[in-house]
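Structure, as structure tokens:
In my numbering, the protein residues as written are 68 to 227.
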């Protein structure tokens, strides 16, 4: 029997107000393979200013990781994590779910795809997202539509 893919979820809390959908993101990620708390990650520079998002993500089973301040600090941390985790499993077709609309992640998506990883992007209808990023991933969905998508059958249709 083939091994199930591992699923890595990275939420850029600085870029995307995703906490109201934390539980939906976790449920959605299970459709792509095995999840666990060490691979469900929400990143922010300062969680003290984001107490509600922090507790919401934690209750949904996410690690809430603090990033040292700096230019593109969260972006750089997620980039390093994505590349490191994918290099450790070169022969596996794992899935990466990026919750962001930031064009800084295009390079990560390109690397992951070159390594045979499947990349999904979740964005908000209320936030501007890079069209180039959305064109570079395998699938794109809106956070606001996750509840309806999960309520439907297991067949999920990509956002237009």
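Just so it is clear, CB atoms sit at the ideal spot from N, CA and C, and this is done for glycine as well. Fair warning: this is a prediction, and the values are worked out from it, not measured in the lab.
1. Is it the case that the stretch 168–176 contacts the stretch 124–132, given that we only count it when at least three CB pairs across the two stretches are under 8 Å?
2. Excluding the 5 residues flanking residue 89 on each side, which residues of the same chain have their C-beta closer than 6 Å to its C-beta?
3. Rounding to the nearest angstrom, what Cα-Cα distance links residue 94 and residue 140 in this structure?
4. What does DSSP give as the partner residues of residue 140 in its beta bridges?
5. Name the one or two DSSP bridge partners that residue 188 has.
6. Looking at the structure shown, is residue 101 part of a helix, part of a strand, or coil, going by DSSP?
7. Could you give the residue range of the beta strand (DSSP E) that holds residue 108?
8. Round the Cβ separation of residue 202 and residue 187 to the nearest angstrom and send it over; I've been treating them as touching at under 8 Å.
Put simply:
1. no
2. Sequence index remark: in the chain shown, residue 89 carries index 22 (1-based). Excluding positions up to five away in sequence, the list reads 123, 124, 127.
3. By 1-based counting over the chain shown, the position of residue 94 is 27. By 1-based counting over the chain shown, the position of residue 140 is 73. The alpha-carbon atoms of residue 94 and residue 140 are separated by roughly 28 Å.
4. As a first step, residue 140 is located in the chain shown; it is residue number 73 there, counting from the start. DSSP, once it has assigned bridges, lists no residue as partnering residue 140.
5. Against the chain shown, residue 188 aligns to sequence position 121. Looking at the DSSP assignment, residue 188 forms a beta bridge with 165, 207.
6. The residue you call residue 101 lines up with position 34 of the chain shown. The answer is strand: DSSP assigns residue 101 an E or B state.
7. For the purposes of this step, residue 108 is taken as the residue at position 41 of the chain shown. Its beta strand (DSSP E) spans residues 107–111.
8. What you label residue 202 is simply residue 135 of the chain shown in a count that begins at 1. What you label residue 187 is simply residue 120 of the chain shown in a count that begins at 1. Their Cβ separation, rounded to whole angstroms, is 14 Å, which puts residue 202 and residue 187 out of contact at 8 Å.
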